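Chains as they are written, first to last, in UniProt numbering: chain A, 1 to 793; chain B, 1 to 793.
Have a look at this one:
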């Protein structure tokens with residue numbers, strides 16, 4: 001926790017390779033990004049001033065927090081302007097209609113582009129993953145499956161074998177079998193993996209440091225109102241798309257789902273720039289980005305409803321109903337675009353389509369809940385170990401050699417993965433196979449059951465059978481794969497390449513689930529006279545579906561790591577397409593969340609947000625301590641008094657000195673230092689700009705000129721220097737609370753209204769100020785301490 | 001709009017028969033429901049005072065608004081107390097764990113009870129609907145279907161006919177056919193209908209006036225923080241369940257979906273009373289009620305995800321993530337309870353299970369969008385006509401004869417409905433038939449197509465065929481049914497019996513959709529050489545599914561009336577269980593919403609809220625006017641000054657006079673009348689209670705005693721009367737804004753923080769007060785006026 005504090009106070013390191021030392025010393029007023037349009041928040045009769053007199057109007061500085069209320073107010077003003085203009089002419093009416101529709105247009109574009117990108121990524125990953133093993137002679141751009149699909153010599157029994165597809169050893173030496181061929185294939189597999197990952201990390205390092213990681217922690221932070229310039233830029237979009245393909249193809253234990261959310265958000269940001277409604281308003285932009293996140297998950301899993309709920313539950317901060325509906329639209333368009341590209345060749349929308357033929361039974365809830373416990377434990381283990389490793393990377397020499405790290409991890413992954421057929425193939429293929437029910441025609445090793453010779457029905461409803469040798473081999477290999485995945489994923493997530501967490505987590509759960517499923521199945525087959533099986537599992541019946549266990553395990557592990565709940569179940573529901581299996585999934589997801597929450601409330605994304613010290617005010621953290629605003633506000637007891645301006649007795653020189661001596665981002669304006677009655681709040685940036693402007697353009701404004709924040713400046717004798725009237729940059733409606741306000745109310749206000757700062761008064765006198773960062777720091781402090789000790793001291 | 005104003009200001013009539021004249025004159029402070037625990041919101045060192053010294057602590061008066069911030073604060077306090085106690089002993093630890101789990105227990109109970117009730121209602125409705133036509137001789141408590149199901153003499157071809165089931169005429173006269181039998185059956189049908197509806201309206205009138213209507217407008221209002229005592233009480237639950245069965249069975253054009261939400265909320269309220277965590281906190285109670293609403297929709301349609309989204313999108317006001325997850329749980333439990341009761345006898349979860357066998361084509365979007373336009377127009381027509389009729393009922397003599405009205409409408413409905421087979425049966429059966437695709441074995445009139453004699457395949461994939469005479473008859477009957485349903489629904493919704501709107505709306509849409517569907521199908525069959533059909537509809541192919549059109553039409557009409565969007569599509573998606581048809585549904589839902597919104601922003605529920613003048617601050621209304629807090633606050637320019645108390649110069653007598661002379665619900669406390677600096681806010685109720693208490697128990701407190709709101713009362717000479725210290729009832733953190741704050745910000749604050757009132761200051765001086773009702777009144781005013789005229793005067 002002290003780490004967090006340190007990070008918030010000292011500097012912000014982004015995951016993106018570059019260590020950016022941005023001064024964020026938050027003293028009295030950690031607020032910034034001022035614009036002279038502030039007066040909209042106050043008096044409403046200065047429309048002429050809206051026409052952007054300075055170039056920087058309406059923008060925020062990098063690594064600063066936006067003011068949601070102001071953004072909303074600005075958008076209403078813009079809307080009002082357009083509505084009133086629309087009555088003037090047909091052209092203005094059309095413009096206003098276009099403006100009203102621009103939201104839907106942006107959603108359509110986001111859906112189309114992110115769907116297309118997802119399709120392209122899928123196709124490229126397919127091809128490049130297969131390239132590690134061999135090449136298609138008839139057309140080198142075909143993946144293994146496409147190659148044999150187009151071949152006439154493919155038989156139904158052996159769909160994976162065709163003469164056009166040659167492994168590297170076969171192509172080079174002519175020998176397909178033998179130790180030499182194996183070694184050569186092994187060697188080339190590693191070489192390709194290293195090449196891909198080297199390319200990926202180099203591209204990230206050189207062109208777009210922000211393209212690394214999953215991106216979800218940063219997107220959460222951005223959506224909560226933080227500015228990280230370039231994080232959603234065009235370069236990031238391009239490089240993340242390319243390096244994502246490389247990283248996934250290299251066979252590292254990572255997925256494309258998280259990065260796809262980042263890619264979709266980059267698309268959203270790109271299209272925002274087409275419409276001034278979105279490009280010039282950081283609040284509106286975030287509405288678009290929330291919808292884009294939904295589109296990202298939608299294409300990642302082919303689950304549009306799940307995507308919207310994911311955005312709502314996990315990613316977004318401000319999610320009005322309008323955004324819900326638009327997100328849904330974007331998610332649907334994206335899903336249908338992806339389907340028309342049809343990268344999986346099965347015209348299914350979903351990533352892992354499964355169909356089970358048997359219901360589940362009450363008694364099976366026991367293994368399902370056990371899988372939930374496993375998922376929760378895995379989530380806890382993963383988060384702790386991964387955070388510890390990432391912290392080590394940040395604080396030691398290790399962090400200085402990101403390329404070497406990636407190369408080393410890729411090398412180890414490739415060396416260990418190749419011998420095991422379950423780790424050699426791509427992780428999504430593995431999950432897909434583990435989810436599948438064993439049909440009669442399945443040729444996989446996992447379906448190597450001993451068939452009853454009397455059975456002739458070619459139906460899907462195959463009774464439970466004893467496991468054959470292939471299944472036992474598969475079990476061993478799966479157990480090894482499980483250990484391997486658990487360990488390597490901890491070291492992989494957080495490296496300087498795009499890396500998602502969904503797929504590896506699901507893989508861990510699916511392997512564990514399948515193992516449990518086969519165990520239960522065999523137990524039910526061999527001991528169907530046991531009491532627990534007797535009621536529902538007669539001999540010759542199909543009682544246990546090991547694929548369902550794999551799916552439940554995957555949900556449990558994903559839930560343990562991310563703490564998703566509803567969206568997780570809905571995504572899984574969309575994968576299976578039936579309400580039938582919701583109860584097992586929910587039992588596992590709930591258990592997993594409870595187990596994981598018992599060890600620590602934060603999911604992996606929140607942990608990474610904390611690790612990186614982003615100023616993120618979590619909606620879910622309940623603040624239950626009994627502190628008051630007066631305990632949190634600055635100045636503290638022994639601090640120097642609050643730096644304020646007076647409404648009619650400060651000179652230009654005083655203001656300039658104040659600006660020079662302090663680094664506060666804004667100053668309260670009071671009637672006089674004696675009465676300390678609050679008039680308004682003025683931003684540092686506005687002050688600087690206004691004085692600079694006045695000194696240059698307004699004659700007679702000198703250092704001894706008095707600055708007036710009042711409505712009218714008094715008539716001064718001619719001998720006095722020209723006064724400087726600055727009421728128009730004054731925010732006349734600053735947010736105030738009394739010093740007796742409980743901090744939980746203050747936290748609530750900060751969250752719900754998206755404030756940057758709040759002034760503290762007592763009986764109308766200004767006492768101090770609380771900024772968002774003060775709130776965050778206070779919450780971090782409270783979490784380390786016993787609430788009782790604070791309550792009564 | 002003036003009607004609304006009048007209603008808000010004068011009195012609140014609830015739909016429930018009783019006209020309750022509750023004085024709601026909102027003058028300076030339309031706030032109420034004070035408790036002495038208020039000081040928690042202020043100073044935090046008066047824990048001893050928490051132990052409920054007065055019986056009314058923590059409750060609100062009927063027809064008043066709750067203070068969300070205070071409720072939240074109280075819950076945090078309670079939680080803190082339990083947490084700190086839990087360390088003292090094992091027993092307290094167990095109690096704290098039970099407390100933590102009580103939310104889940106309540107959800108489980110709600111799910112179980114509302115699922116059970118829904119099942120019982122379904123069974124009873126089934127039986128009583130059939131009772132209008134005949135009776136089962138083998139067991140009178142069997143419905144028609146169950147009766148023939150258990151009979152051995154039922155053939156597969158004629159599943160509806162069996163000797164055990166006899167129509168009334170057959171039973172009484174022995175003749176099943178003939179004019180005499182028809183007339184007798186007709187007469188008894190009407191008689192039963194009149195009996196059922198008379199019973200329903202009488203029960204409502206006598207036992208639970210709140211049980212009438214759909215209940216959703218009131219639940220929306222309650223969830224937004226209004227108190228309506230008894231609306232969710234045990235009597236309402238019982239009577240609504242019974243009368244819902246009667247009302248639906250009587251054959252009136254109404255559905256059970258809306259009332260089921262009300263029933264589920266009553267269950268929620270019932271179980272809240274088991275746990276003090278929920279029964280004593282109006283804020284927490286509303287979290288439970290939001291989840292209960294989700295459970296209600298879940299059982300109404302068998303769509304748990306749709307139910308949660310309905311609660312989120314349509315009903316709820318404050319919906320934190322925790323509630324999302326719990327709602328989902330309650331909705332699932334309810335759905336599975338209903339499924340295990342299995343009232344439809346098909347072990348399907350959903351109300352209208354459909355499975356289509358053909359995809360849709362791009363060209364079909366044109367009729368789908370046309371259906372959307374129809375849905376929007378129907379929505380507009382229905383809302384306008386129904387509101388006009390309800391207003392007439394409220395303001396004329398008509399409203400005084402609710403029983404007569406119900407009897408008359410039932411009579412007309414029964415007389416007109418019986419001759420037409422599509423209106424005679426229950427509306428949900430009708431919808432179910434309209435949604436269905438015509439399979440090879442379908443015996444319905446709607447599926448009377450002329451089969452190609454060469455066709456022998458018994459598959460589901462039947463090509464388009466020419467319509468037979470049965471289809472043409474059905475078309476005529478459906479057209480008549482459409483007109484009948486449109487007209488009669490307008491008069492039915494709003495009568496003094498439980499009446500839902502979903503089913504009639506869906507019926508109107510489904511009829512229209514099916515007609516359009518058959519038309520398109522026949523066009524495609526007879527003119528498959530037309531350009532529009534050429535590309536996708538070869539002869540002999542199954543191109544058009546009329547059932548899908550019915551479903552799209554139903555979605556469009558439901559959307560037009562309620563303005564649901566995402567939840568509507570998700571409910572429909574759960575009914576079909578496939579993403580395949582989301583695009584048609586969405587196209588229709590969006591079109592319908594846009595068309596309907598063009599004629600008026602409000603859905604039927606918001607319109608009824610307005611009609612009844614409930615103080616509901618809609619989250620979706622965007623306030624875009626350029627007014628300031630100073631324009632809205634009281635006192636207005638010519639009003640008498642604000643009634644305030646001073647912190648140390650008011651006597652007990654002054655306070656008593658103030659309480660007697662005004663009816664404000666609270667008073668600001670200032671330092672002195674000269675400085676007008678705000679100290680805090682005190683509730684009228686607290687003041688009354690405290691003074692009464694002091695006069696009785698505290699010696700020396702007389703009329704001339706000075707009331708002190710300061711921390712310490714000064715030492716007075718013995719000759720002066722004993723002072724009365726009231727700081728502990730003072731809320732030291734009242735919410736303030738400056739007079740320059742734009743009203744859109746104020747509206748935002750009221751919505752997001754759930755305030756009851758807000759004080760207005762300028763430079764630390766108290767100027768006035770804005771209550772929730774002032775805000776509502778201002779918004780209503782603004783809507784009638786041109787924004788420009790307000791902007792610049």
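Built from N, CA and C at the ideal position, the CB exists for glycine as well.
Every value quoted in this text rests on a predicted model; they were computed, and no experiment measured them.
Query raised in the report: Can at least three beta-carbon pairs, one atom from the region 743-759 of chain B and one from the region 589-598 of chain B, be found at a separation below 8 Å?
Result: no
Report task. Report all residues from its chain with a CB closer than 6 Å to the CB of residue 567 of chain B; omit the five preceding and five following residues, and keep chain order. Result -> 306, 309, 310, 313
Query raised in the report: For residue 235 of chain A versus residue 196 of chain A, is the C-beta distance shorter than 7 Å?
Result: no
Query raised in the report: Near residue 662 of chain B, which residues of its chain fall below 6 Å by C-beta distance, leaving aside the five closest residues on each side in sequence?
Result: 643
Query - Reduced DSSP category for residue 702 of chain B - H, G, I as helix; E, B as strand; rest coil - result: coil
Query raised in the report: Would a check of beta-carbon distances place residue 213 of chain B closer than 7 Å to chain A?
Result: no
Requested in this report: Spell out a yes or no on whether the region 126-141 of chain B and the region 254-267 of chain B are touching, meaning 3 or more CB-CB pairs, one atom from each, closer than 8 Å.
Outcome: Touching, no.
Query raised in the report: DSSP on residue 166 of chain A, reduced to helix/strand/coil?
Result: When secondary structure is reduced to three states using DSSP, residue 166 of chain A falls in the strand class.
Requested in this report: Helix, strand or coil for residue 265 of chain A, going by three-state DSSP, please let me know.
Outcome: Helix at residue 265 of chain A.
Query raised in the report: Shortest alpha-carbon distance to residue 476 of chain B belongs to which of B/490, B/83, B/514?
Result: B/514
Query raised in the report: Does any residue of chain B bring its CB to less than 7 Å from the CB of residue 393 of chain A?
Result: no
Requested in this report: Output yes if chain B places a C-beta closer than 7 Å to the C-beta of residue 116 of chain A; else output no.
Outcome: no
Query raised in the report: Applying the criterion that 16 or more other CB atoms from any shown protein chain within 10 Å of the CB defines a buried residue, is residue 410 of chain A buried or exposed?
Result: With at least 16 other beta carbons inside 10 angstroms of its own, residue 410 of chain A counts as buried.
Query raised in the report: Using a beta-carbon distance below 7 Å, is residue 284 of chain A in contact with chain B?
Result: Not an interface residue.
**Report entry** Below-7 Å beta-carbon distance, residue 216 of chain A vs any chain B residue
**Finding:** Taking CB atoms only, residue 216 of chain A has no neighbour in chain B less than 7 Å away.
Requested in this report: Please report the Cβ distance between residue 813 of chain A and residue 766 of chain A, rounded to the nearest whole angstrom; I am assuming they are in contact, meaning their Cβ atoms lie under 8 Å.
Outcome: Given a span of 1 to 793 for chain A in the structure shown, any question on residue 813 of chain A remains unanswerable.
**Report entry** residue 375 of chain B (DSSP reduced to helix, strand or coil)
**Finding:** helix
Requested in this report: Any chance you could list the alpha helix (DSSP H) runs of at least 4 consecutive residues sitting entirely within the region 541-565 of chain B, in chain order?
Outcome: Listed in chain order, the alpha helix (DSSP H) elements of length 4 or more contained wholly in the region 541-565 of chain B are 546-562.
Query raised in the report: Name the chain A residues that come within less than 7 Å of residue 328 of chain B, Cβ to Cβ?
Result: 566
Requested in this report: Would you tell me roughly how many angstroms separate the C-alpha atoms of residue 230 of chain A and residue 317 of chain A, rounded to the nearest one?
Outcome: Roughly 20 Å between the two C-alpha positions.
Query raised in the report: Taking buried to mean at least 16 other C-beta atoms within 10 Å of its own C-beta, is residue 605 of chain A buried or exposed?
Result: So residue 605 of chain A counts as buried.
Query raised in the report: Would you report the Cα separation of residue 110 of chain B and residue 301 of chain B, rounded to the nearest angstrom?
Result: 17 Å
Report task. State yes or no: is the beta carbon of residue 325 of chain B nearer than 7 Å to at least one beta carbon in chain A? Result -> yes
Query raised in the report: Looking only at its own chain, which residues have a Cβ that is under 6 Å from the Cβ of residue 52 of chain A, when we skip the five neighbours before and after it?
Result: Residue placement at residue 52 of chain A cannot be trusted, given a pLDDT of 39 that sits under 50; what the coordinates show is reported in the next sentence. The beta carbon of residue 52 of chain A sits closer than 6 Å to no other beta carbon from its chain once the five residues preceding and following it are set aside.
Requested in this report: Look at the alpha carbon of residue 144 of chain A and the alpha carbon of residue 383 of chain A, and state the distance between them as a whole number of angstroms.
Outcome: The alpha-carbon atoms of residue 144 of chain A and residue 383 of chain A are separated by roughly 36 Å.
Query - Minimum Cβ-Cβ distance from residue 773 of chain B to chain A less than 7 Å - result: Judged by the 7 Å Cβ criterion, residue 773 of chain B is not in contact with chain A.
Requested in this report: In angstroms with no decimal places, state the Cα-to-Cα distance between residue 680 of chain A and residue 295 of chain A.
Outcome: 42 Å
Requested in this report: Find out if the Cβ-Cβ distance for the pair residue 330 of chain A, residue 523 of chain A is shorter than 7 Å.
Outcome: No, Cβ-Cβ distance for residue 330 of chain A and residue 523 of chain A is not below 7 Å.
Query raised in the report: Which partner residues does residue 677 of chain A have in the DSSP bridge list?
Result: Beta-bridge pairing links residue 677 of chain A to A/765.
Query - Interface residues of chain A facing residue 352 of chain B [CB-CB closer than 8 Å] - result: Residues of chain A passing the Cβ test: none, with the nearest at roughly 15 Å.
Query - Separation of residue 518 of chain B from residue 448 of chain B, as counted between CA atoms - result: 12 Å
Query raised in the report: Checking contacts by CB at 7 Å: is residue 769 of chain A closer than that to chain B?
Result: no
Query raised in the report: Helix, strand or coil: how does DSSP classify residue 231 of chain B here?
Result: coil
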